[in-house]
Every structure is written in structure tokens, then in C-alpha cells.
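Protein chains in written order, with this note's numbering: chain A, 1 to 248; chain B, 1001 to 1248; chain C, 2001 to 2248; chain D, 3001 to 3248.
Number of protein chains: 4
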Amino acid sequence: MEHTQSALITNVNYYAGPAAASALAQDGYRLLCHDASFVEPSARAAFCDAHPGHIALAEQSPDDVVRAALTHTGVLDTIISNDYVAPPRSRMSLTDATAADIREMFEVLTIYPYLLLKAAIEPMRVAAAGGTIIFITSGNAKRPSGNTPVYGPARAATTALVESAAKTLTRDGIYLYAIGPNFFQHEPHFPAGKWEADDALREQVDREVPLGRLGSQAEMGALIAFLASRRAVPTAGQFLAFGGAYLP
Amino acid sequence: MEHTQSALITNVNYYAGPAAASALAQDGYRLLCHDASFVEPSARAAFCDAHPGHIALAEQSPDDVVRAALTHTGVLDTIISNDYVAPPRSRMSLTDATAADIREMFEVLTIYPYLLLKAAIEPMRVAAAGGTIIFITSGNAKRPSGNTPVYGPARAATTALVESAAKTLTRDGIYLYAIGPNFFQHEPHFPAGKWEADDALREQVDREVPLGRLGSQAEMGALIAFLASRRAVPTAGQFLAFGGAYLP
Amino acid sequence: MEHTQSALITNVNYYAGPAAASALAQDGYRLLCHDASFVEPSARAAFCDAHPGHIALAEQSPDDVVRAALTHTGVLDTIISNDYVAPPRSRMSLTDATAADIREMFEVLTIYPYLLLKAAIEPMRVAAAGGTIIFITSGNAKRPSGNTPVYGPARAATTALVESAAKTLTRDGIYLYAIGPNFFQHEPHFPAGKWEADDALREQVDREVPLGRLGSQAEMGALIAFLASRRAVPTAGQFLAFGGAYLP
Amino acid sequence: MEHTQSALITNVNYYAGPAAASALAQDGYRLLCHDASFVEPSARAAFCDAHPGHIALAEQSPDDVVRAALTHTGVLDTIISNDYVAPPRSRMSLTDATAADIREMFEVLTIYPYLLLKAAIEPMRVAAAGGTIIFITSGNAKRPSGNTPVYGPARAATTALVESAAKTLTRDGIYLYAIGPNFFQHEPHFPAGKWEADDALREQVDREVPLGRLGSQAEMGALIAFLASRRAVPTAGQFLAFGGAYLP
């Protein structure tokens, strides 16, 4: 690919956002960044000061975000669809969750990525270089947990979207992936130092995570950058667990 | 269980509804039946004439349906959550589907079963005999198809709901199952005789379905009745493929 | 099926053997029973005294067992391939297991069922009524455990055999199933009362088994008898977890 | 890792062997290579002439191969366990396969990798840098095919070995992976140009492989080198499909 590559990252300040931004910037991508906070000009300015060369988008809807990104770069090589709902919200039970809560969870974790994908298909299809879209979902998508009866199924739906849509889009040069973190270190909800300091969590990691620690942002970034490089596209359409051998 | 058992069946005229009604009636259940058409008194009357002893509920929302059913029987032993979206709607592509279409698919195939489950938990938890809830989803929930990028993930979400919620509800004596049909004979969308008469479908069945034919309503009914009997509750929380060895 | 149905059960005294024998006898099957102890005439005599009407076969190799069974009944409607390796042997680690240990584990849990299936195909193919073969494997086949790196993969292979062979044999009227127990009460290795009396096991069941108890022989028998009844053959080719919602 | 890294590749002339050798050599690894042909000194000499710097091992048993490799390098950072059985042997049916054929298939595809892993554990455990072992299995391990009832389950067992052993070995700094190719270009059995020239195969690729072509050696090498780099070890213990979105 001869042009400078460009990547769009949603929710760049959360979950796998910092990982993706750091790793793709290091690989020379031009970065278009979405974040809910970027409706505020001051938040955009602060982000751009801290990350020279990155573009902070004010837009929020999937259509607007993709359109705005394309205005800057003309083409989008890579999209990191990076959505997150933090505990305790991610752990709401069926009895506590209202109908509105359930719809909202699916809106954030499922419908938004659907619409982002829809908005990206046509521009990526016509681009000479095709495209890569990596959806950050969750290990809960593949191994159900009793604690996340609303969050988990919403993640499962988005993971199934990747697996289903890859059956057709791979043919068009659009490569989809789902990465499913468990026990992943991310700010502000699962910060560095947290599991070491939290006895219950440390005991859980000891018992359930063969790696014996949380996965790091640098490791997530390396995985994202490798998939984005398209050096191994026969792996397209897959869910990749990122949980220190917690799965399967 | 000493009382006459009762079962609620949603969309009783479609998909696995007739199968469930016939098999459970034969096993002596008192049947409470929902159908979209039952908002019309004449439709309820016609149904009750054709199926003496069955109760046709006018109610439509999950909460209302469960409440109305309980008014009749006091207790609900079994629920068949039986939702369906027919082709060509089930096969809408990502580019054709609008945001409203996607939300509607999840509303019908995912949110409705969520709310039905929510409404059933408390009455089943307090009932001495517990309860069984069987969600009819689709084989697409486990083996993604390129043809169903909206329908399939909505089915995957509901199947994941079963797997997740079973982790807690099984402990309360509420046994959840997902049945995933493929190549299942049902009126009016996949009627008896259709595959034999449709060359393309027959060729597909020959190639993809080791059973060499569609699964029947009687076979679906037998499976539902067996699960409802609770004679093998250690199988709770599982997805059961019903597609003639098409899966896995 | 107009003839009295016949079923062959291997290792009838262990694992799911008593479950299968009791349930199928109750459904009127004529039972042909294999057990390693049956090389001794006294063991056969004792078994037949305790279970009037059952036939105890002295034969041991898969070919001989099937041939001997057919000598008695002419046709075999159902086979329960029921192999087991008890702890601590099932839990041998990679470093402790010798090459001979690994080969022996696969010989018992994988090769024996392969050869039993091979021996059964032709007689079942020519029989008017076809056949059903149920392989009792383990939940470890689908959710890997760190404790069983030799036992688990041998179970996975046999489960994969079912899933693969069903793709062709279903077409011939031979219906294959794998049942995967976890936390299943069976003599003498996991006897009734054991988990209640064993603090560590009870704590594990509390934590990992949503059903909150072991699955019983009666429940296993009900599942086996249902599958053997062929009332729902579109479920053929499937793995059915039997572990109180421990899986998936 | 400060030392020059070393990698052992089995069956270096087949399947993913050339891919692994080329990619790891490019990343600066010192390569220890096994091949069945290397019992002949002339074959070793020819290989070393063609690949300067690579070491051709005469040894054949898993223990001998690992011991010989360690004699050269003192430490083994990476092992590529690369076993293959070509069609038509991989497609033998249950009725054609003899007991000896089945045992041989498991010996080649399952027992050999087991013993290679066993031989590697202790040296990797004591090495400061730990180790990575990548098992090349098959997509058949996860999606069963009716054509491969012996080959497929042997692949499933080795894949299950990876998933099970990773639960303990990850903790020791030994990172296991299974890569499952389908529609992968490799010499001499699935050579470049073959699918384009073979009408039946091309039609199958068109229908079943969303990527629309075979995966290449360069792409397989890129995947292997990325996993060997240990830049994303939270992905350890996973099966990675490499089949152009044929799976799941």
C-alpha cells in the first residue's frame, strides 16, 4: 500500500483505544480518533496536544464519524471499533436490568458497531487497498459468564456479526476480526496496579488466568497492529481471545 | 409435579409453535398460547375451536403475556419462547438493512425473549416446581452464515443469553435451553412439500444436510417435550442443534 | 420398529453403563452387555442373576463384541459406547505420562470406540431400522481442563469422530451422538454421597456447577433412552453436555 | 531476549515448514530443522546447501530431535510442530481404514506432537526466556468434515492438547498455539497453481472460501513469526484458523 495508511479508532481514550493508537502510530498510520468527550473543543485540543499528529473528531454518530474521517484522509485502511461498558453496569443482572437498560447495552455494544461497519463498507469496497476492521468485543462473547447476562450476549452478537459478515466481505478485500479480551489492563476501569492491589481480583487471576497476570496495552497494540498489517489475511473472520489462556 | 402442568407458547401458529403445542398437549399440559393474530377476538375464537382446551391470550407484550398466563393457571411450568423472522427479511444484507431494520430484528429476536425471561424469573423462582424455558433460536447462532448478518447475530445473542443466564438460574430450579433449527419444516414459511418441490433447496439439502431431509414438527415436539419433562436437567443451559447434522 | 429392540452396552458396570441398562431395559430393549470382568464366567453369571433377561458377553475386542451381540439378536438397534478412565489416571500430567501411558489412554478412550463404530456400520447399514450409537465421552472434550492433558484430548478425538462420522452416516440411517458428562454420579469412582461428604469437591460443585449437585444415573438414563428412541433424529451428530450447566 | 534465538521446525520441507523456516530465518533465528528425509546424509547436505546457516538434524524421534537441537544451541526458544498427512490418506473412510491405519494416523498427527511437547517442557521451563510452541494442525480440528473421519479427530486431539496444556504451561512461560489451516498452499501436496488449474477445487474455493484463494506460505510465515515474537502472549493457548474465513 503506497499511500500513508490511515486508521480510525473509536473511544480512543478507553479500553483498547490507547493500545491501538500507540501501536498504529508507531507503524506510521495517520490516526483519526473518536471519543465521546471530543464533542468538547477543549477535549479535542488537549488530546491533540498530548498526541501530536492525531486528529480528534468531534463527530459522534457512526455515519458522521466515518464521513468525517474520510474527509481528512480520503481513504480508511483500518478501523478499530472499540466499545466498552464498565462494571458495575456490565454486570447488571436480569432482574435489575430494565427493558431500557437492555436496549441501551445492545445499542452501545452491538448496534453502534453494526452502523460503523455499514458506514465503512462502501468506502472500503471502492478503495484499491480494501480495509481491515477490528472489533474489540470480549471473551464473554465465547465463554458465557453468569455475571454478565446482558453485557455478554451483546458482545456475542457483535462477534457473530464479524463471523457472519466476513463470509461476504472478505471477498471484497475487507478483513474483519473480533478480539475478545479478558483480564486486560485498561484505563480507567481496569488500571495498571489494580489487580495486584485487589486481593479478590488477584486470587481470581491466580485461579483462572494461566498467564498469571493481566494482558497489557502494549500486547493488545501488537496484536492490533499485526492484524492491521494484513500480512496474514487468511486469518480473517476470526475471533481471537486475548485473556492469558482463560479461554477456551 | 402433582398439579396439572401448564405451558406458555409464544407465536403458537409459527415456527416451533405447532410442534410445541401438539407435543405438550399430548403430555397433558394446560396450554396458554400467544400469537400476534390473537389481538383479534375472532382469531382467538378460531384457534380455541380448532384446539379445544387451549387458551388463546390476547396480550402481546412479554410482561402482559406472562401475567395473563399466570392469571389462568397460577403457575407456569414451561415456556416456549418461539420467535421467528421469515425470509427474505431474515436474509437482509448489511448494505440493505437500515439502522431501524437492525434494531427491529434485535427487538423481535433478542429483546422480546429477554423480557419474556425477565417476566418469568420471579414467578418461576417462587414456584415449588421451578420452571423450564426453551428458546427456539437458530443453527445460525452457532454456525454463522454469510446470508444472515443481521438475523444470525440476533439469534447468537439470545443463545448466549441462555448460556449466561443458566449459570445463575439453574441454581434456582429454572432450566433454560436453546434449540437451534436449520432445515426445519414449518408453516407457512418452510412448509411440508416445499423442499421436495424446490430444486435449489433440494440440491442444498442433498449437499449440506446429512439427514437428507427437513426436520419435522413431530420431531421438534418430541425434543421440546423431553426437555420440558425435566427428566434430564443436567443438560440445562445448552444449545441443541436441530438440523440433521448440518452442525457443527 | 416392529421387532423387539436390542441394545449393546459396553462397560455396563461403570460410568453410564448402569444408567443405560436400567433405562433401556425399562423401555423394553433386549440388552447385550460387555464388561471387562465378563471374561470370568462367574462374573457373567452374577450379572445375569442380578439382571434377569440381560445377556453378558464374554467377548472383549470391539469386533468380537459386535459379532457376539449380533449372534444373539440378529440386529443391533442401539449401541452405548461407554468408556472410562478413572482418576488419578485420568489426571496424569504431561510430565508424568510416558509415551506408553499416552498411547494407552487413546487406545481405551479413542481407538476402542473407533473400532466399535467400524464394526457396527455394516450391520446397521443393512438393517431396515438403521441404528443409533451413543458415545459417552466427557465435558472435557469441549472445555479443556489443565488437569487432564491426556484424558481430555482423547475425549475430544472421540467427540470429533462423532461429529465427523455423522456427516456421512446420518444419511444411512445411523444416528450418532456424544454425551459429555461432568460432575456425574457413577459407581465406583464418583459414587452417590461422595460429593456431599468431600469438602473440596462440594466447594468445587458450589462454585462451578450451576445445578448445585451431580447429575444422576436416572437422568443420564433418561437422556440415553430419549436419543435411542429416535424421536428427534434431526439432533443427530451432536455433542450434548451433561454437567449441570458447567458448560459452555 | 538477548541471545540469538533458536527455533526447531519439524518436517521442514512440508506443510508449514518452508513458511516457518523462511519467516523465522528472516527474523534472525538460528534454525534447527527436522525432516524424515534427513536420515540420509545427502538430503541433509542438499538442504544445508540450499539454506545456508540452517542446521539439518538426522534425528527422528521426538526425544532425539529435541536433544540434538539443544546440543547445537543450548536453548530452544521456539518449536514449530508441523505434522502432515496428505490426501488420499487423510481422507480414508471409516470402512476403508484398518485398526492399524487409525493408530498410525494418531501416531503421526497426535502422539508425535505429544512427545515433542513432553521433550520440550523441561528445557523450556528452566530457560530464562521460556518458550513458544506452535502446533500446525488443521481447520478440520474445529469444523468436522465428513471426508476426514480419521484425520480430523487426530487433529482435534492435538488442538485440544494445546488448549489443555496451555492452562498449566502458560504459567511457566511456555506459550502454546495451534494454527489450523484450510485451503493452504503447500508443497508438494497443495502446490501453487494447483487450485487455479483444478476446476473442481476452484469451484470449491469459490463456494466455501470467502478469501477466494488459498492462503500462502508467506502469510503462514508471518503468522508464525508474530506468535513466536511473544509480543502478544495473552493470546496463548488459542487455536487460530487460517483458512480465508472458511471457519467458523
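Quick reminder that beta carbons are idealized off the backbone N, C-alpha and C, glycines included.
Neighbour flag for Arg3143(D) against chain B, beta carbons, 8 Å:
Closer than 8 Å: yes.
Take the Cβ of Pro41(A) as the centre, count every other Cβ of all protein chains shown within 10 Å, and call the residue buried at 16 or more, exposed below.
Pro41(A) is exposed by the Cβ-count criterion.
Do Cys3033(D) and Ala3021(D) come within 8 Å of each other at the CB atom, strictly closer than that value?
The Cβ atoms of Ala3021(D) and Cys3033(D) sit closer than 8 Å to each other.
From the beta carbon of Glu163(A), is the nearest beta carbon of chain B less than 8 Å away?
For Glu163(A), the closest Cβ of chain B is nearer than 8 Å.
Cβ neighbours of Met2001(C) in the same chain (closer than 6 Å, five flanking residues each side left out):
With a pLDDT of 45 at Met2001(C), under the threshold of 50, the modelled position of this residue cannot be trusted; read the value that follows with caution. Annotation for Met2001(C): Ala2129 place their beta carbon closer than 6 Å to its own, counting only its chain and skipping 5 residues before and after.
Straight-line CA distance for Ala1025(B) to His1003(B)?
Looking at the backbone, the Cα of Ala1025(B) and that of His1003(B) are separated by about 15 Å.
Chain A within 8 Å of Arg1030(B), Cβ atoms only
Interface with chain A (8 Å Cβ-Cβ cutoff): Arg1030(B) is excluded.
Please name the residue in Asp3198(D), Met3092(D), Phe3242(D) and Thr3110(D) whose C-alpha comes closest to that of Pro3062(D).
Just measuring C-alpha positions, the residue of Asp3198(D), Met3092(D), Phe3242(D) and Thr3110(D) sitting nearest Pro3062(D) is Thr3110(D).
Which residues DSSP lists as bridging His2186(C), in chain order
Looking at the DSSP assignment, His2186(C) forms a beta bridge with Phe2190(C).
So is Asp49(A) buried or exposed if we call it buried at 16+ other beta carbons inside 10 Å?
Residue environment for Asp49(A): exposed (fewer than 16 other C-beta atoms within 10 angstroms of its C-beta).
Name the residues in the region 1113-1127 of chain B whose C-beta lies less than 8 Å from a C-beta of chain A; which are they?
Under the 8 Å Cβ criterion, the region 1113-1127 of chain B contributes Tyr1114, Leu1115, Leu1117, Lys1118, Ile1121 and Glu1122.
Between Glu219(A) and chain D, is any beta-carbon pair separated by less than 8 Å?
So yes, Glu219(A) belongs to the interface.
Between the C-alpha atoms of Ala1154(B) and Phe3135(D), what's the straight-line distance to the nearest angstrom?
The straight-line gap from Cα to Cα measures roughly 34 Å.
Taking Cβ to Cβ, would you say Ile2133(C) is nearer than 8 Å to Tyr3114(D)?
Tyr3114(D) sits away from Ile2133(C), with the two beta carbons spaced by 8 Å or more.
Where His1072(B) sits in the DSSP three-state scheme:
Looking at His1072(B) - three-state DSSP - the assignment turns out to be helix.
Should the region 219-227 of chain A be regarded as contacting the region 174-186 of chain A, the criterion being three or more beta carbon pairs within less than 8 Å?
By the Cβ rule, the region 219-227 of chain A counts as touching the region 174-186 of chain A, because three or more pairs are nearer than 8 Å.
Given a cut-off of 8 Å, decide if Gly3237(D) and Leu3161(D) are closer than it, judged by their beta-carbon atoms.
No, the Cβ-Cβ distance between Leu3161(D) and Gly3237(D) is not below 8 Å.
What does Thr78(A) pair with, by DSSP beta-bridge criteria?
Beta-bridge partners of Thr78(A) (DSSP): Ala7(A) and Thr132(A).
Taking Cβ to Cβ, would you say Phe239(A) is nearer than 8 Å to Glu163(A)?
Phe239(A) is a Cβ neighbour of Glu163(A), given a cutoff of 8 Å.
With three or more beta-carbon pairs closer than 8 Å as the criterion, would you say the region 82-96 of chain A touches the region 138-155 of chain A?
Two segments are said to touch when three or more pairs of C-beta atoms, one from each, lie closer than 8 Å; by this definition the region 82-96 of chain A touches the region 138-155 of chain A.
Segment limits, alpha helix (DSSP H) that includes Arg30(A)
Segment Arg30 to His34 is the beta strand (DSSP E) holding Arg30(A); no alpha helix (DSSP H) there.
Would you say Leu2070(C) reaches chain D, if we count a Cβ-Cβ gap shorter than 8 Å as a contact?
Not closer than 8 Å to any Cβ of chain D, the Cβ of Leu2070(C) fails to qualify, so no.
Given that a residue counts as buried once 16 or more other Cβ atoms are within 10 Å of its Cβ, and exposed if not, what is Ala3100(D)?
Counting other Cβ atoms within 10 Å of its Cβ, Ala3100(D) stays below 16 and is therefore classed as exposed.
Between Trp2195(C) and the rest of its own chain, which residues show a CB-CB distance below 6 Å, the 5 nearest in sequence each way excluded?
Once the five neighbours on either side are set aside, the close Cβ partners of Trp2195(C) are Leu2201, Arg2202, Val2205 and Leu2214.
Could you pull the DSSP bridge partners for Pro3181(D) from this structure?
Note: Pro3181(D) sits in a beta bridge opposite Phe3242(D).
Using a Cβ-Cβ distance cut-off of 8 Å, determine whether Ala1094(B) contacts chain A.
According to the sequence shown, residue 1094(B) is Leu rather than Ala. At a cut-off of 8 Å, the C-beta of Leu1094(B) has a neighbouring C-beta in chain A.
Is the CB of Leu76(A) under 8 Å away from at least one CB in chain D?
False, the Cβ-Cβ gap to chain D never drops below 8 Å.
Which residues in chain D sit within 8 Å of Pro1248(B), going by Cβ to Cβ distance?
The answer, in chain order, is Arg3143 and Pro3144.
Does Leu2211(C) get closer than 8 Å to chain B when you measure Cβ to Cβ?
Among the residues facing chain B, Leu2211(C) is included, as its CB has a counterpart in that chain under 8 Å away.
Examine chain D for any beta-carbon lying closer than 8 Å to the beta-carbon of Met1(A), and answer yes or no.
Any answer about Met1(A) is weak, because its pLDDT of 45 lies below 50 and its placement is not dependable; what the coordinates show is given next. Using a CB distance cut-off of 8 Å, Met1(A) does not count as an interface residue toward chain D.
For Lys2167(C), go through chain B and note every residue whose CB falls closer than 8 Å to its CB, in chain order.
Within chain B, the residues near Lys2167(C) are Pro1210 and Ala1245.
At which residues does the alpha helix (DSSP H) containing Ile2121(C) begin and terminate?
It spans Tyr2112 to Val2126 - the alpha helix (DSSP H) in which Ile2121(C) sits, taken as one unbroken run.
Starting from the beta carbon of Gly2237(C), find every residue of chain B whose beta carbon is closer than 7 Å, and list them in chain order.
Per Cβ cutoff of 7 Å: Pro1210 and Ala1245.
Phe226(A) touches chain D at which residues, Cβ-Cβ below 7 Å?
The contacting residues are Phe3226.
Whole angstroms is fine: what's the gap from Ile79(A)'s alpha carbon to Gly3193(D)'s?
A straight-line Cα-Cα distance of about 33 Å links Ile79(A) and Gly3193(D).
Figure out for me which residue from Thr1071(B), Ala1241(B), Leu1211(B) and Arg1143(B) has the closest Cα to the Cα of Ala1178(B).
Taking only the C-alpha atoms, the option nearest Ala1178(B) is Ala1241(B).
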